[in-house]
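Novice:
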Amino acid sequence: MVKLKKLSSLLLLLSSVFMACSIPLPLWTFWVRSYQYPEGLVMHVYLYKVGGRDLVEINVLNHYIGMKPLKNEDFPQFKIFPFWVGGIAILTFIVAFVRKKILVLLPISLTSLFGVYGLYLLYTKLYEYGHNLSPKAAMKIPPFTPPILGTNKFAQFTTLAYFDVGALLILISTLLMAIVLGVNLLVKEDKNV
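Numbering (our numbering), first residue to last: -2 to 190.
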């Protein structure tokens, strides 16, 4: 079996570190502003929880428009995601030392699967929260889907959603894996990459 070059192993080690460092950091941030909250309210989604300094107040607003409150119990994936990402970090670390080219496919495949599932889950939860509005809400608004990325305006609220530093670290980690995979598939054996 063909071995990875030393530089490729170093890139995989770096990838492993970035992946592990993403675990305690926010992946996605949602910011909402209105005339009542000119400085805005912020919530963060982590691998293991929904949190942020203004989550309680955001849940008050959610109630006002008929949206159910954001509770960690409604996201069973939070119990699995830190282990999934931690497992990818450990697997990438192991592949860096075993140095078998074909094994690079394992962490990059698991990371890609995590990314696709994470985006699907985020979209479906945003859709669910924005479309299952209580008819007894104080403020009646039409069903909507909060954006995954970018700004949006509905009623008197302006929102901004963006991927945060945890997601950026996962992306960098994945790109490093892809570089290692691509270089090692394309480069001849006599190269020192």
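The C-beta atom is built at its ideal place from N, Cα and C for all residues, glycine as well. Just so you know, these numbers come straight off a predicted model, no measurement behind them.
1) To the nearest angstrom, report how far apart V190 and A17 are at their CA atoms.
2) Could you tell me whether the Cβ atoms of L22 and G163 are closer together than 7 Å?
3) On the DSSP bridge assignment, give the partners of T156 in chain order.
4) Tell me V42's beta-bridge partners as DSSP assigns them.
5) Where L9 and K98 are concerned, what is the direct C-alpha to C-alpha distance, given to the nearest angstrom?
6) What does a CB cutoff of less than 7 Å around F151 pick up in its chain, not counting 5 residues either side in sequence?
7) Among the residues of its own chain, which have a CB less than 8 Å from the CB of L228, if the five just before and after it don't count?
8) Let me check understanding here. Comparing Cα to Cα, which of F154, V180, L183 and S13 lies closest to F94?
9) So, are the CB atoms of K160 and W28 less than 7 Å apart?
10) To the nearest angstrom, report how far apart L67 and Y34 are at their CA atoms.
11) For G112, does the three-state DSSP call read helix, strand or coil?
12) Identify every residue that forms a DSSP beta bridge with Y34.
13) Rounded to a whole number of angstroms, what is the C-alpha to C-alpha distance between D71 and G84?
14) To which residues of the same chain is K188 closer than 6 Å at the C-beta, ignoring the five residues directly before and after it?
15) For K68, does the three-state DSSP call read helix, strand or coil?
16) Throw me the rounded Cβ distance for the Y45 and P79 pair, which I believe falls under 8 Å.
17) Quick one: Cα of L183 to Cα of W81, how far?
18) Which residues mark the beginning and the end of the alpha helix (DSSP H) in which K3 is found?
19) With DSSP run on the structure shown, which of helix, strand or coil describes K98?
20) Starting from S170, follow the alpha helix (DSSP H) in both directions and report where the run begins and ends.
Specialist: Let's see:
1) Low confidence applies here, because V190 scores a pLDDT of 47, under 50, leaving its location unreliable; read the following figure in that light. In this structure, the alpha-carbon of V190 lies about 24 Å from that of A17.
2) Their beta carbons are under 7 Å apart, which means L22 touches G163 by this criterion.
3) BP columns for T156 point to V29 and N149.
4) Within the DSSP secondary-structure output, V42 pairs in a beta bridge with W25 and V47.
5) Taken atom to atom, the span from the alpha-carbon of L9 to that of K98 is near 11 Å.
6) Excluding sequence neighbours, F151 sits near I138 and F141.
7) Here the chain covers residues -2 to 190 and nothing more, so residue 228 does not appear.
8) The residue with the shortest Cα to Cα distance from F94 is S13.
9) One detail in the question is off: residue 160 reads as Phe in this sequence, not Lys. No. Outside cutoff.
10) Those two C-alpha atoms are separated by around 19 Å.
11) G112 falls in the helix class under three-state DSSP.
12) Beta-bridge pairing links Y34 to S31.
13) Roughly 24 Å between the two C-alpha positions.
14) At K188, the pLDDT of 49 sits below 50, so the modelled position is not reliable; the number obtained from the coordinates is stated separately. Spatial neighbours of K188 in its own chain (CB-CB distance under 6 Å, excluding positions within 5 residues in sequence) are not present.
15) In the structure shown, K68 falls within a coil segment according to DSSP collapsed to helix, strand and coil.
16) Right, the Cβ-Cβ distance comes to about 5 Å (below 8 Å), so this counts as a contact.
17) C-alpha separation (whole angstroms): 29 Å.
18) Taken as a continuous stretch (DSSP letters only), the alpha helix (DSSP H) holding K3 covers K3 to C18.
19) Note: K98 maps to helix in three-state DSSP.
20) Following the DSSP letters along the chain, one finds S170 inside the alpha helix (DSSP H) bounded by residues V162 to L183.
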